[in-house]
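S.K.: Can you keep this structure in mind? I'll have questions shortly.
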Amino acid sequence: MERETIFDGRVRLEKVCKAYGSTIVLNNVNFSAKRGEFVVIMGRSGSGKSTLLRLLGGLETPDAGSVEHGGVRLERMTEAERARFRRREIGFVFQFFNLIPTLTVAENIRLPLALNGIDGAEAGARVTALLAELGLEGTGDRFPEELSGGEQQRVAIARALAHAPGLVLADEPTGNLDLETAERVLGLLDDACRKHGATLVMATHSREVVGRADRVLTIRHGRLLPADAAEER
Ligand SMILES: Nc1ncnc2c1ncn2[C@@H]1O[C@H](COP(=O)(O)OP(=O)(O)O)[C@@H](O)[C@H]1O
Ligand SMILES: [Mg+2]
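So this is what it looks like as structure tokens:
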């Protein structure tokens, strides 16, 4: 898909600190991902995985340090520029799917296209292609609650990719699925991001994902470490 873009899929955190009140969540964190890379972030519940993804996606700003996308620093943008950046450049996938229950499957997938001013035949073609890619043929006119959990998450993945974002952020995307479904969904998410050339940063507890990832990191005590170095014994 043709798109005007400021972002080439590279993302970088430099000396990022984030606290909520007296809780220090991220303490001087450095991170970078290359275009098209698949990076997994592990760590216990409450360790800061979601916070890290929100910072990467420009949903939150750090207390100190910088968040850069393709060399552009998010903290130097105005709120309106950041909103536009999120809308164009980021695809989000959440644990509980977050589909809009009153919109059909096709309408949910069309939403980010509409927000980016893409409609008509181009949007229709894009939705049809994504439905096929994610094994969702024939579900376009159904409502989310008429689908299984795995199908709903596949719709959410299609929605995350519809506007061809440079970066997909997935926050425990299989946390609400049974193991077999989780594996299928992970495979589809990984394949789809690779095919679309999107960088994928995923927070997960699931060890199954490790074999697919280019890199696995763990957050522990506010630090981001290579997963092996953080193994708890
Ligand atoms: N908006 C917020 N306000 C206050 N505390 C928060 C907020 N978001 C997260 N936290 C706290 O920050 C820590 C890290 O949370 P989170 O990033 O959600 O961890 P994880 O995703 O690894 O479970 C937790 O102690 C959590 O309670
Ligand atoms: Mg979380």
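All letters in the sequence shown, in the order written, are residues 0 to 232 by numbering that gives the first Met the number 0. All residues carry an ideal CB built from backbone N, CA and C; glycine is no exception. Quick caveat, the model's predicted, so the values are computed rather than measured.
Figure out for me which residue from Leu188, Gly47 and Leu199 has the closest Cα to the Cα of Gly250.
M.R.: Given a span of 0 to 232 for the chain in the structure shown, any question on residue 250 remains unanswerable.
S.K.: Where do the ends of the beta strand (DSSP E) carrying Gly186 lie?
M.R.: Where Gly186 is concerned, there is no enclosing beta strand (DSSP E), although the alpha helix (DSSP H) it sits in stretches over Leu178 to His195.
S.K.: Can you determine whether any heavy atom of ligand 2 sits closer than 8 Å to the C-beta of Ala82, and answer yes or no?
M.R.: no
S.K.: CB of Asp118 to nearest heavy atom of ligand 1: below 8 Å?
M.R.: Asp118: no, Cβ never under 8 Å from ligand 1.
S.K.: Ignore the nearest five residues each way along the sequence and tell me which others in Leu246's own chain have a CB closer than 7 Å to its CB.
M.R.: This structure leaves residue 246 out entirely; the chain is present only between 0 and 232.
S.K.: Determine the extent of the beta strand (DSSP E) in which Lys48 is found, giving its start and end residues.
M.R.: Taken as a continuous stretch (DSSP letters only), Lys48 belongs to no beta strand (DSSP E), being part of the alpha helix (DSSP H) at Lys48 to Leu55.
S.K.: Compute every distance between the C-beta of Lys48 and the non-hydrogen atoms of ligand 1, then say whether any falls below 8 Å.
M.R.: yes
S.K.: Inspect the beta-carbon positions of Asn107 and Pro61 and report whether they are closer than 9 Å.
M.R.: no
S.K.: Run the proximity test for Glu171: is its beta-carbon closer than 8 Å to any non-hydrogen atom belonging to ligand 2?
M.R.: yes
S.K.: Can you tell me whether DSSP reads Gly35 as helix, strand or coil?
M.R.: coil
S.K.: Note down the Cα distance separating Glu3 from Gly45, rounded to an integer number of angstroms.
M.R.: Its pLDDT being 49, under 50, Glu3 is placed unreliably in this model, and the value from its coordinates should be taken loosely. Roughly 37 Å between the two C-alpha positions.
S.K.: What span of residues does the alpha helix (DSSP H) with Arg125 cover, start to end?
M.R.: Gly119 to Glu132
S.K.: With DSSP as the reference, please indicate the residues paired to His68 in a beta bridge.
M.R.: DSSP output for His68 lists Val10 and Val71 as bridge partner(s).
S.K.: Considering Cα atoms alone, identify which of Val71, Arg9, Asn26 and Tyr19 is closest to Leu224.
M.R.: Asn26
S.K.: Going by beta carbon distance, what residues of the same chain come within less than 6 Å of Thr180, once the five residues before and after it are set aside?
M.R.: Gly149
S.K.: Suppose the cutoff is 8 Å on Cβ atoms and the five residues either side in sequence are ignored; what does the same chain contact list for Gly184 look like?
M.R.: A small fix is needed here, since residue 184 is Val in this sequence, not Gly. Contacts found: Gly149, Gln152, Arg153, Ile156, Pro172, Thr173 and Leu176.
S.K.: Could you compute how far the alpha carbon of Ala120 sits from the alpha carbon of Thr217?
M.R.: 43 Å
S.K.: Going by DSSP, what residue range makes up the beta strand (DSSP E) through Ile99?
M.R.: Neither: Ile99 is in no beta strand (DSSP E) and is coded neither H nor E.
S.K.: Rounding to the nearest angstrom, what Cα-Cα distance links Gly70 and Lys14 in this structure?
M.R.: 15 Å
S.K.: Should Ala202 be listed as close to ligand 1, given that the test is whether its C-beta is under 8 Å from any heavy atom?
M.R.: yes
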